[in-house]
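Working notes, structure below.
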Amino acid sequence: MPIMLAIMIKATLWQIPGSHPCEAVHTAMTMKGMEVKTVNLLPVMHKPVQRVMFGQATVPGVVFPGERVVGSRRIMQRLDQLVPEPPLFPADPAARLKVEEAETWGDDVLQAAVRRLLWTVARHDPKTVLTALADPETLPIPLPIAMAGANQIVWGETKIHGVTDETARTDLSALKGLLDEVDCLISEGVIGGETPNAADLQILSSIKLLSAVGDFRPLLEGRPSVALADRVFPKSSGQVPAGVLPADELALLS
Ligand SMILES: N[C@@H](CCC(=O)N[C@@H](CS)C(=O)NCC(=O)O)C(=O)O
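Numbers given in the numbering used here equal positions in the sequence shown, counted from 1, plus 365.
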């Protein structure tokens, strides 16, 4: 019988609690059996911290023993080099290419659209959204203090990500097509296998975040991606009640 040597790697994830790429990376690190510590940051305030720590003002960033890596896609690649099992990318080159393409789409297109959509909802009701999604266990400061700054956080994030009435209209109109694209990736077998790959984690973390928002739920209901997202990310954050988006924006979702 081969002797198995398990070396537990300790790593620290610098994150905004509830951020979809941070959830993706956290789950990947856990799948790899790493001992994960987290440093929890508040939105907007995370930018100067991350710039100093990682040279780039975004989360997630991970401090591995002796190195710092920022960006969910770079972190996934590095995780597979450090701990090969279970693999986040298939060994077969053609299958790997498909997973990498889906992961890139999940990062550049879906992740970014879901982020803008979340801040679109938050623009209408900052407190509801932040209260529902904030987990007091991981919030870096007490909830009432965070809530006192809710309007400023939402104002800052909408500026950072360029969220306007116009991007809201574009993103809301495009959402159904993005969800159809995810279901297509599932039916083609690129995502949805027994063990989540890097594209599963990247894409399904976005679906999980969307499904926490009541106004998006009718569009998500019955889709295989939602069941899959619940399987890969079983922990539920709070739910933002339906009825936050105004009627003219809601109408764009169908
Ligand atoms: N797409 C990149 C960046 C992630 C990203 O934009 N994260 C947001 C929080 S969810 C952020 O840090 N935004 C600040 C900024 O864009 O300056 C990744 O997956 O690592």
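By construction, the Cβ of each residue, glycine as well, lies at the ideal position given by its N, Cα and C atoms.
Worksheet item: What are the start and end residues of the beta strand (DSSP E) that includes T403?
Response: E400 to N405
Item to complete: Have a look at the DSSP bridge pairing and note the partners of L666.
Response: Given that the chain is displayed from residue 366 to residue 619, the structure contains no residue 666 and the question cannot be resolved.
Fill in: Rounded C-alpha distance that separates D500 from L407
12 angstroms
Worksheet entry | Span of the beta strand (DSSP E), counted from its first residue to its last, around E432 | Where E432 is concerned, the enclosing beta strand (DSSP E) stretches over E432 to V435.
Practice prompt. Starting from D613, trace the alpha helix (DSSP H) both ways and give me its first and last residue.
Written response: A612 to L615
Worksheet item: Excluding sequence positions up to five away, which residues of its chain have a Cβ less than 8 angstroms from the Cβ of V448?
Response: If you ignore the 5 residues before and after V448, its C-beta comes within less than 8 angstroms of the C-beta of I374, K397, G398 and M399, all in its own chain and listed in chain order.
Worksheet item: Regarding I525 and ligand 1, is the C-beta to nearest heavy atom distance less than 6 angstroms?
Response: Checking the Cβ of I525 against ligand 1 gives yes.
Worksheet item: Per DSSP, which one or two residues make a beta bridge with V605?
Response: V578
Worksheet item: In angstroms, rounded to a whole number, what distance separates the CA positions of G514 and D536?
Response: 26 angstroms
Discussion item. By the three-class DSSP mapping on this structure, what secondary structure does I368 have?
Written reply: With a pLDDT of 42 at I368, under the threshold of 50, the modelled position of that residue is not reliable, and the figure given next carries that caveat. If DSSP states are grouped into helix, strand and coil, I368 belongs with coil.
Item to complete: Check whether the Cβ of G431 lies closer than 6 angstroms to any heavy atom of ligand 1, and answer yes or no.
Response: Between ligand 1 and the CB of G431, the shortest heavy atom gap is not smaller than 6 angstroms.
Discussion item. For a test of your reading of the model: does the CB of P413 fall under 6 angstroms from any non-hydrogen atom of ligand 1? Yes or no.
Written reply: no
Worksheet item: Between T392 and the rest of its own chain, which residues show a CB-CB distance below 8 angstroms, the 5 nearest in sequence each way excluded?
Response: P561, L566, S570, V597 and F598
Item to complete: Buried or exposed for K573, please, with buried defined as at least 16 other CB atoms from any protein chain shown within 10 angstroms of its CB.
Response: It is buried - the Cβ of K573 has at least 16 other Cβ atoms within 10 Å.
Discussion item. For ligand 1, I want to know if V409 counts as a neighbour, meaning its beta carbon is within less than 6 angstroms of at least one of the ligand's heavy atoms.
Written reply: no
Fill in: Residue burial classification, V503 (beta-carbon count within 10 angstroms, cutoff 16)
Residue identity differs from the one stated: residue 503 is Thr in this sequence, not Val. By the neighbour-count definition (other C-beta atoms within 10 Å, threshold 16), T503 is an exposed residue.
Worksheet item: Among D580, L575, V479 and C549, which has the Cα closest to the Cα of A612?
Response: D580
Worksheet item: Where do the N-terminal and C-terminal ends of the alpha helix (DSSP H) with Q415 fall, by residue?
Response: H411 to F419
Worksheet item: Assuming A564 and V578 make a contact with CB atoms under 8 angstroms, what is their CB distance in whole Å?
Response: That belief does not hold up - the Cβ atoms of A564 and V578 are roughly 23 angstroms apart, past 8 angstroms.
Worksheet item: What's the gap between the Cα of I480 and the Cα of L453?
Response: Looking at the sequence shown, residue 480 is not Ile but Arg. Between the alpha carbons of R480 and L453 lies a distance of about 24 angstroms.
Worksheet item: With a CB to CB cut of under 7 angstroms and the five nearest residues on each side skipped, what residues in its chain are close to D548?
Response: R588, P589 and S590
Worksheet entry | Whole-angstrom distance between E468 and P458, CA atom to CA atom | 15 angstroms
Discussion item. What does the Cβ neighbour count give for I518, buried or exposed, with the cut at 16 atoms within 10 Å?
Written reply: Around the CB of I518, 16 or more other CB atoms lie within 10 Å, so the residue is classed as buried.
Discussion item. Can you tell me whether D472 sits near ligand 1, meaning its C-beta is under 6 angstroms from at least one heavy atom of the ligand?
Written reply: yes
Item to complete: Verify whether the separation of the beta carbon atoms of L475 and L543 is less than 7 angstroms.
Response: Their beta carbons are under 7 angstroms apart, which means L475 touches L543 by this criterion.
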